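Some notes on the structure that comes next.
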Amino acid sequence: MNIWLTLFLEFFKTGLFSVGGGLATIPFLTEMMERYHWFTEQDLLNMIAISESTPGPIGVNMATYVGYQATGNNILGGIWATIALVLPSVIIICVIAQLLKTYKNNPIVQNAFYGLRPASCALIFSAAIGVLASVLFPSGQIAITPSFWMTVGLMLIFGGITLMFKKMHPIALIVICAITGIVLQL
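Residues in the sequence shown are numbered from 31 upward in steps of one, following the working numbering.
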């Protein structure tokens, strides 16, 4: 199948079924990585880190990168994958906006939206577990090494900082984490 058609179909599917936002796209990206080898696991971890710390939706940032990479560093590939990712949302939003005008007080509609919450939560939780496993066990094997303990310690420290300083600006936390990673060569 043509790379452009495959790229479009994969990201259209991802945009259609990744309910819950950008982090919910990670399981789909993992599947693409394994099936098409457009990027490596390390690329995926880097995409997540960069997408989390750059402006814009996470899923869109990752789609742009994968499209660019998969088409041989072609900017149009990044644009194509991004369009494919957001197109289902645009279509669905337009349809839902029209339907909600008519059926917004219907109990079935309200229950359907309520039922989507656990699915969103499960997709995000699955992505978080996958990222955590990749960060703690980068070789795929369980090995308790000094770098493992350093990573766990830093996660606890930065998690504690975010809990203690709830008003801390996210940019400040990103800068602190980036400097720490550079200094500790993580």
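We put the CB at the ideal spot given by N, CA and C, even for glycine. Every value quoted in this text rests on a predicted model; they were computed, and no experiment measured them.
How would you label residue i, buried or exposed, when you count the other beta carbons within 10 angstroms and need 16 or more for buried?
{"i": "TYR133", "result": "exposed"}
{"i": "LEU129", "result": "exposed"}
{"i": "ILE56", "result": "buried"}
{"i": "GLY211", "result": "exposed"}
{"i": "MET185", "result": "exposed"}
{"i": "ASN135", "result": "exposed"}
{"i": "ILE187", "result": "exposed"}
{"i": "THR101", "result": "buried"}
{"i": "ILE123", "result": "exposed"}
Skipping 5 residues on each side, what residues in its chain have a beta carbon closer than 7 Å to that of residue i?
{"i": "PHE69", "result": "MET63, VAL96 and GLN99"}
{"i": "PHE227", "result": "The question about residue 227 has no answer, for the chain in this structure spans 31 to 216."}
{"i": "ILE204", "result": "SER83"}
{"i": "GLU40", "result": "MET62"}
Under the three-state reduction of DSSP, which class applies to residue i: helix, strand or coil?
{"i": "PHE58", "result": "helix"}
{"i": "VAL49", "result": "coil"}
{"i": "PRO137", "result": "helix"}
{"i": "ASN15", "result": "Past the boundaries of the shown model lies residue 15; the chain is included only from 31 to 216, so the question cannot be answered."}
{"i": "TRP3", "result": "No information on residue 3 is available, as it lies outside the stretch 31 to 216 that the chain covers here."}
{"i": "PHE42", "result": "helix"}
{"i": "GLY102", "result": "coil"}
{"i": "THR94", "result": "helix"}
{"i": "GLY86", "result": "coil"}
{"i": "THR70", "result": "coil"}
What residues in its chain sit with their C-beta under 8 Å from that of residue i, if we drop five residues either side in the sequence?
{"i": "MET198", "result": "ILE191 and THR192"}
{"i": "PHE58", "result": "GLU40, LYS43, THR44, PHE47 and SER48"}
Sorted by chain position, which residues of the same chain lie with C-beta nearer than 6 Å to residue i's C-beta, five sequence neighbours on each side aside?
{"i": "PHE38", "result": "ALA114"}
{"i": "LEU53", "result": "ILE154 and ALA157"}
{"i": "PHE143", "result": "none"}
{"i": "GLY108", "result": "THR94, GLY97 and TYR98"}
Across the segment 65-80 and the segment 137-147, are there enough close Cβ pairs to call them in contact, namely three or more that are closer than 8 Å?
Counting C-beta pairs with one atom in each stretch, the segment 65-80 and the segment 137-147 have fewer than three that are closer than 8 Å, which means they do not touch.
What runs of the alpha helix (DSSP H), each 4 residues or longer, lie entirely inside the segment 122-200?
Counting whole runs of 4 or more residues, the segment 122-200 contains the alpha helix (DSSP H) stretches 137-166 and 176-194.
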